[in-house]
Structure formats: C-alpha cells, structure tokens
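S.K.:
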Amino acid sequence: MQSSDVGARERGKIWQRKPSPSAADGVIVNITHSVVGYHSKTIRFLHVAFDAAEETFLAGDHQGTIYLFDLSRNSFKLVQRTGQACTALAFNLRRETEYLVALADYSVKCFDTETKELVSWMRGHDSTVSSISVHGSGRYAITTSSDAAQLWDLDTFQRKRKLNVHLSVGIQKVYFLPLSNTIISCFKDDSIFAWESDTLHCKYQLPVPEDESRITYRAFAVTRDGRALVAGGKSNFLHLWCLNARQLQRIIQMPPKVRTVRHLEFLPDSFDGGSSQAIGVLSQDGIMRFINVHTCKLLFDIGSLDNGINTVAISPNGHYIAAVLEDGSISIYSVKALSQDLNKNVLPAGLNKKRLQALLKEFGEYPEKYRMFIWRSLLQLPENHAAFSSLTDKGTHAGYLGIHEKYPIKSRKLLRILQRVLSAMAHWSVIFSEVSYLPLLAFPFVKLFQNNQLIGFEVVATIIINWCQHWFEYFPNPPINILSVVENILAHHDKELLQHLVKYNITSQLYAWPLMETLFSEVLTREEWLKLFDNVFSNHPSYLLVAVAAYLICSRTPLLQCNIKEDLEHFFHHRNNLDLSAVIKEAYHLMDTTPEDIHPKRMLDDFVPLTKGQYPIFNKYPKFVADYQTKERERIWHEELEYLKERQLAHGLHAESVKRQAENAAWYRQQQLLQEAEEQRRKILLEEEQKLVEQRVRLAAMKRELKVKELQVLDAAHRRFLKHQQEQQKSELRRLDDEIDRKVVLRSRETAALIQDIDVRNMELEMQKKIFEQQLAKEQEAVTRGVKGHLDINWIKADVEEQKFKRMLEMDQVPDVEDYENTEGDPAKDDQLSPNVSWQTQMLNKQRMYNLDQEKCQEELAHLASENRERETRLLQAMDEVEGKRWDEVVERHVELKASQQERAAADALRPLLLDERSQALEHGDDLYKNVFVSLRDASTKCPTEQRRDPLHGSGEQIPGSLCLNNVSLDSSVQLSLDRGRTDLESKERELLTGVRELRQKLTTRARQRYSTSSLTDGVTSIHY
C-alpha cells in the first residue's frame, strides 16, 4: 500500500509508482494531509464526492480546504480554501467544472474548479446541511438539514421551494430519484414520501411495516435505475423496497456483528444497466461490507477495527471506492482487486445462453438496461487490468499518431480514447498497426464503451479473434476466402442477384467487404446496429457472414434496379430503407437452410473467449508480409534519414559557398559603398553648409515674424481683455439695473402698502375730527342758550330795578336835588362815564390780549409749518443722497415724521385751551352785561336822552341796549376769529399731510429698491450711494 501526503503542495501526483493493490485489502493509496512546523499536526478529511463523468473526486477537510483528485491522470490540485469546515460536497452540476460545498455556517457555496472563483452563495438553512443531492440534469439541487430541505435552481441559484417540518419529526434525507423527476423524502419517524419535482405533489408513500420488522431508518440508498430503495437503521436488517410496486420486496439480515447501519452505497457495474446487485453497508464498527441483494451473499469488506471508516463514496463506473477513515485520511480501494475471486462472467441462475437465444428470437433484441450485462456475459470478458495497463503504458503507437487527420472526430475525448484503444491493439499484435479498416471496425464499440476503455478493448479483441477469423490471411488484401463463402451462400439462395452483380462487374469486395469491415455501422442506425449485434453475439461466429448474405438478399429489389457501378458502391456505404427484423429473420433462415458444404460453420471455429490474466498471441496473418512491411518501413525510414543527412550536408556546403560569395560580394560592395559614401559626405557637407546659411536667413525672418505675431497676439489679447472688461462692466450694469428695478418694484409695493395704512389713518383722523366738531357745535349751542338765558334774566332784573329806582326817585325827589344835580352834573356824568370807559378799556385789553395769544398761536403754527417745509426741503434734497441706504434709514425718517405729527398733534391740543378761554370770556361777558345793565339803568334815570359815543367805534348815537349788543358782537367776533384760525390751521394741516404723504411714497420707493438689492446679495454685500 502506498501513502501520499499532500502537505502544503497545491498540485502534484497521487502515487509515485504504479499501484498494484492486493486482493487482501484492495488499497491503492492512502492520502493524508499533514502540516509540518513547530506544531506538526494532521488535518482531517471529512467528506468526498465523485464526478459522474470521470474518475475524479473532491475531498474537503475540517479547515475548509478543497482538493480535486484525478485517479485516471494520477494528479491532484488544490481548488479552494473556504476557511470553514465542510459538511457536505456535491459534484455533477450542469457546468462540469462547478461543484457545491456546504459549510459550517449553514450556507452552501458554488465554486469553479478551473477558475477557483466563487460562483454563488446560497443561504437559508438554520442548522447544519447534512447532504446535497443534484438532479441528473445538473440544473437542480436539494440541500437537507435536520429541520428543513430546500430546492435550488442551479441556473439562477435561487431557492424554488422549502420543506419545513416540526422538530419532533425531523428530516433524515431528501434526494432526487435517478432517471426521473421524483424527490424522495425520508423522515425520522420512518415515513418515506415520493414527490413530483415540478409540482411538488405527493405521488405516493411507502407503507411502513407495523410488526417487529420495523426499524428506525438512518441510511438510504437507491439503484442507478431508480427502481429499488434500500433503507437501514438501528438494527442489522435492511429493507429492500420496490419503487415500481411501492411495496417492501425483501428484508435482508446482516451478520450479528452489525448492530447499526451508518451508511449505504450501491456498487455500480458497467453491464448491469443501472440495477445494481451489490450494496455496501457501513456499520457501527467502521467496516463496510458488500453483499449481493439477491443472493444475500457477502462479496467482500473494507476497513478495519483499528481505523474504521467514517464515510464512503464510490465512483460511477464502480472501479474505485474512496473512504474517509477515522484518523482523517482517505483510502482509495480498487474494486477489481477486491473482486478478483468472484466469478462475474457466470450468468445469473436460470439465465443460460439457450434461454437468451430463445428470448432473442421471441423479442428480437435484449432489454436496453440489461444489454451491456448480457454482452459482457456472452463474450466472457476477462477484464485483464494489468495486461491492458501494460499495453497502454507503451504510449501512442506510431501508426496512429496522425489518426486525427484521417478520421476528424468532433469529440476530442472520443478521439483520444479511440487512439488509445487502437494503440493498445497495435502493441498487442503488429498486424493491427497496418490494418487500415481497424478504426472503422473498432469505432462503434469504442464509442459505446468510452467510459470503460478496458471493456472496449476486450470487446474489439474478442470480435477479431472469433468473428474475424481468417480475415488477415491474405493481408494486405481483403479476405478472399471469407468473401467467397458469402458469395457461395448468395449463389445458393439468390443466383439471380449474384448474376446481376457479376454482370455489372460488382465483386464480393464491393458488395460484401464494405459491410464486413465496418460491421454494418455505415448502413445501420444505432438502435438497428445494437439489435443486430444482440443476435451476432448470441450465435455462432458464422452468423456475421450469414447476416451479410441476408442483407444482400433482403435488398435484392433495389439492387436489381441498379445498373451503374457507382450507384451500387454508394448503396453499400450508406443507410438504406431496409427492415432489420426481416434481415435478422432471413439470417436465421440461411443459418438453417444453407448446406453443410458451403456453410460458414465448416470454416469458422466455435466461440473462444479471451484468456484471463494475459491476452492470447495473435499471429493469424502472413507474418512475412507484416515483417516485409516493417522492414520496408524501416528501410524507407533509414533511406529517409540518409537522404535527410545528405540533403543537410548539401545544404551546408551550398550555404557555405553562398556565404563566401556573399562575403566577397559584400566586401566589394562595401568598398564601393565607402567611396560613394565619401563623395556623398562631401556633397552632404556642402549642402549642409548651404542649408545652414539658408536656415540662418530663414531663422532671422522667422524671428521677425514671430516678433510681429507676438505683438499682434499681445494687441489682440489686450483688445480681448478690454472687450472682456467692457462686457463685464455691461453685465454688472445690467445686473445693477435689474437690482434697481427689482428694488423699485419692491419699494413701490411697500409704499403702496404704507399709503394704504396712511389713508386708513387719515380716515380715522377725519372721523375723529368730525366727532370733535359735533361736540364743539353742541357745546357752543349750549353756551349760547346759557348766555341768552342770563341776558333774559338780566333784562328782567334791570326792568325791576328801574321801576324800583323810579319809585324811589319819585319818593325822594326834593327841590335841592335838582340844584345839586345841576351844580354837580358834570362830575356825576364823569363818574357815570368812567365805569363805562374803564369797562370798555378792560374789554379792549382782554380782546387785545386774546388777539395777541391767537397771533402767538398762529406764529407757533406758522413756525411749525415752516419747520415742516424746511424738513421736507431737506428730505427732498437728501433723496439723492440716501438712495443707497438701508431700510433702517427709511425707518428713522419715518420716526422723524412721526415726531412732526406729534408736534402737530400738540398744536391741535391748543384747541381745548382756546375753547376754555372762550368759555371764560363768555362768563366774564355775563358780568359785563350785568354792570352794563346797571350803568344803563342809572344813565337812563339821569340822562335818558343824552347821546353817548361808542368808545370802540369813535362816534355815533346808540340806544342804551346797543352797548350790550356790541359787547355780544365783540364776543362773537372773538368766536369768529377763533373759527377762522382753526379753518386756516386745518387747511395748512391738510397741505402738510399731503406733502408728508408724497415724501413717504418717495422714501418707501427708495427703501424697497434698497431692500431688494440687499436681499438679492443675501445680506453679504450692500451698495451705498
């Protein structure tokens, strides 16, 4: 047993020398992964998975390192480092280089083995993924954990469906059934369901045994044809279910050493059609036992008690078993070495060759799924692995190095397999390197057994030994003796057809040999060809020759109609519309009715299988022809070598002479060139000097031009700069105009709003003024009524006193009085006039004082008006100066206007004072009326007819009551003067308000313009005018 440590290598060979496993343990190589360093340790492998197409498998360890091992090429390489322990692996995706790996973080990743890139990352599980099942098409996958199973689309890597179960039930395994669209789900309660993968409808449920034979299932395995299912668990019993009948078919009891079944795996066979008969059972002791499910016979076992097996994967062709051991290493077992003692060539009990022939005659062909197994059994192939390996190790034969040029097969893999099989045939016998039709003969079988080159080689070798007897006796010519046998059969059974063929010079080499050298592969389809060789392998080797004659006889109608040789040749190299069943039936008829003297059995021996261990010596050919051809080939080869040597020597001499001639010619040419070069240099020097002078002149001119251009450029740049400045200034002016217009619009809006406010305020003032005038009118009317009442009372009192005075005068009148009055008349008159004069003087003084006060008030009002005019003038003059000031300046002006309004309001406050003085004057007038009435009464008594002069109006006659009227008129004049002053004041006030309103409008307009400019520049910059 060889050992291989991958270590820190990323690629290398699996074994260093050719493995030779023994029948005792069958181990080819044991693979480990160790790390050498300060802390040396072994990294344990956890899982393995084989590829369905080739003999390669993936292996993942507990550090997440994934290796790809190729057993056919003896190589391995590191394909990924995931950094986490892998819990499951799966190959066989639709894209052959991709694979799935389940990691310890409950996720599933898809990687590529060639590019080593992450293709997809699939998440969704909440527990460890224990298994991954891939559909046969490679487009879908099922990942299973203890609580859920998820169906994934591998084209889009999206989850399609999810199966959730209760934790008390639990999932054991969910996987695809081979060769169908059925999903099998196995649960911990031993229930097994089958689901349709497209619709996920439940198709059926397998009935669970209710008796003592019921076991707790833990492991499951399905045959490659999907017809049988084996389940095992915590016992030594295995349940074999027939999925077609959906019932328990058989209960298999394992040896008593088996107490628990941990893993089950069917052992594939290339010729069983997918119905595997051997199954491997891994038990609790770490030993995997392989038994036959039909005979319950123990075939062989692998593993040991010291180092048991944890998990197992078997290659799809059944040649290798990869087992992960308890110590973390991987052991590769050879199934062929383990099964050397088993006789796999014996047909199953009750299935002998005669019975197969009877079945073949009844149905015409063997079942597709059993055909390879039956062929293998009929041909009794020895499967000599060592002998075949010795042939293939010799490499590609020289005769088949250029096979791709003569036979350009599209599939490179198939071409490589064909080249290897033909090379093995050539190494087995020299004649096969010279046979030109061997690729045509072997190709159908190589293509049919391309996954097992050993079987393909042995089938071709068996056919050559048995069905191609005497074919090489006339080499390199066709086997004339065998062709004559076919011609004799045709002459006996259809003489007319033979004569027709002879008539047109069609010999057996044209109508029989094309069918024989290709074994009918050119004229039959695949299904027809397989059906024909079911009968060929089941009968005597002479059946092939009889089948050629039968094919000709069944094709007699189209052959008799052909009169051209080229048409007949085309007929035997292309497929024709022919019933193969009739050909086979005719062949059996010819086998039975052909006379013994011309029957092929008389010339051909019975079937002889290949010998076991070593292949037999094949020398049934004219050796001298082969030797002669070999010698001729060697002679030609030597002559070619001699010719090549002589030609090489001649080429050398010729090359030497040519070289010398070339050297001489080169020397003379060099001398001539030197002279010419010298003259050329002189000319060049003269030309260069002349060019230098011209260049200097051009350089000076260019400098001048450059200077001029530079000046022009500078001038143009200066002009462009000035133009740019002008455009900037214009744009700045346009911007300022836009800002001014916007500010004007804004100020006009604000002014309109202020005007509306002032108009409302004026309306309020007008209302207050009207209310105040109404109050004044009412008070004046009340005062007038009071004055009239006092006047009436005074007149009445005066009349009463006058009457009393008259009576007193009448009573007290004496004669002395008159004398006294006459003597003292003038002083008395003066005394009487003095009170009147003093009263009038007082009245005039009061009126003068009132007029002075009124004039003073008017002067103050005029002063205030003049101040308002001056302020208005100053405001008008400052309008041009304050255009750029902010809105707060307008507010300050507005405050000043408010102050002027307050002053005007103070002037208006004088009106009540004037009214108070007016009322006091009226009260004083009452007293004056009283005194006037008394003086008038006295005057009327003393000199009633005397003329009096109005001290106010100069001269004139008046009645006693006229003075009172004048006094009243004086009071009314005072009132009229007050009303006139008030009217003037109101008119001036209106004019002042009109001017202030206009001034406010102008200031508001300027403020709006300034406010719009300040808002445009966001308060950062301001323009002062």
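In my numbering, the protein residues as written are 12 to 1036.
Using N, Cα and C, we set each Cβ at its ideal position, and we do this for glycine too.
1. Nearest-angstrom Cα distance between S138 and K347?
2. Could you give the distance in angstroms between the alpha-carbon of A523 and the alpha-carbon of K506?
3. When DSSP labels each residue in this structure, what does A70 get in the three-state scheme?
4. Taking three-plus beta-carbon pairs below 8 Å as touching, is the segment 114 to 125 in contact with the segment 17 to 36?
5. Cα separation between E533 and Y381?
6. Within the chosen definition, does the segment 575 to 584 reach the segment 544 to 551 through at least 3 CB pairs nearer than 8 Å?
7. For the beta strand (DSSP E) that contains M133, what are its first and last residues?
8. Beta carbon of V269, beta carbon of V292: below 8 Å?
9. By Cβ distance below 6 Å, which residues in the same chain neighbour G410 in space, the five residues on each side in sequence not counted?
10. Kindly identify the DSSP beta-bridge partner or partners of F301.
11. What is the rounded straight-line gap between the Cα of F248 and the Cα of I385?
12. With DSSP collapsed to three states, give me the class of T473.
13. If you check the beta carbons only, do S434 and H408 fall under 8 Å apart?
14. What is the DSSP secondary structure of G237, counted as helix, strand or coil?
15. In this structure, how does DSSP classify D209 when only helix, strand and coil are distinguished?
16. How close, in whole Å, do the beta carbons of K199 and V185 come, if the pair is a contact with beta carbons under 8 Å?
17. Within the chosen definition, does the segment 126 to 138 reach the segment 152 to 166 through at least 3 CB pairs nearer than 8 Å?
18. Between which two residues does the beta strand (DSSP E) harbouring Q258 extend?
19. Under the DSSP definition of a beta bridge, which residues are partnered with C253?
20. Just the C-alpha distance for T306 and I263, rounded to the nearest angstrom, thanks.
21. From the DSSP output, read off the bridge partner residues of G1037.
22. In whole angstroms, what is the alpha-carbon distance linking Q74 and G467?
23. For S142, which beta-bridge partners are listed by DSSP?
24. Is the distance from the Cβ of V145 to the Cβ of N103 below 8 Å?
25. Within this structure, are the beta carbons of V304 and H58 separated by less than 8 Å?
26. Which of the three DSSP states, helix, strand or coil, is assigned to A666?
27. Have a look at the DSSP bridge pairing and note the partners of S45.
28. Within the continuous alpha helix (DSSP H) that includes K372, where are the two ends?
29. Return the bridge partner residues of S14 from the DSSP annotation.
30. What are the start and end residues of the beta strand (DSSP E) that includes N546?
31. Quick check: what's the CA-CA separation for L655 versus L664?
32. I need the boundaries of the beta strand (DSSP E) containing S345, first residue and last residue.
33. What's the call for Y562, buried or exposed, on a 16-neighbour Cβ count within 10 Å?
34. Hey, how far is the Cα of W482 from the Cα of D608?
35. Report the partner residues of F204 according to the DSSP bridge assignment.
M.R.: On the basis of the supplied data:
1. 40 Å
2. 15 Å
3. strand
4. no
5. 25 Å
6. no
7. 129 to 133
8. yes
9. A437, S444
10. G291, F311
11. 31 Å
12. helix
13. yes
14. coil
15. coil
16. No, K199 and V185 are not in contact; Cβ-Cβ is about 12 Å, not under 8 Å.
17. yes
18. 258 to 264
19. A239, Q258
20. 10 Å
21. Residue numbering for the chain in the displayed model covers 12 to 1036; residue 1037 lies beyond these limits and cannot be assessed.
22. 42 Å
23. T155
24. yes
25. no
26. helix
27. T53
28. 364 to 374
29. N41
30. It is not in any beta strand (DSSP E) - N546 instead sits in the alpha helix (DSSP H) that spans 537 to 548.
31. 14 Å
32. 341 to 345
33. buried
34. 20 Å
35. S196, Q216
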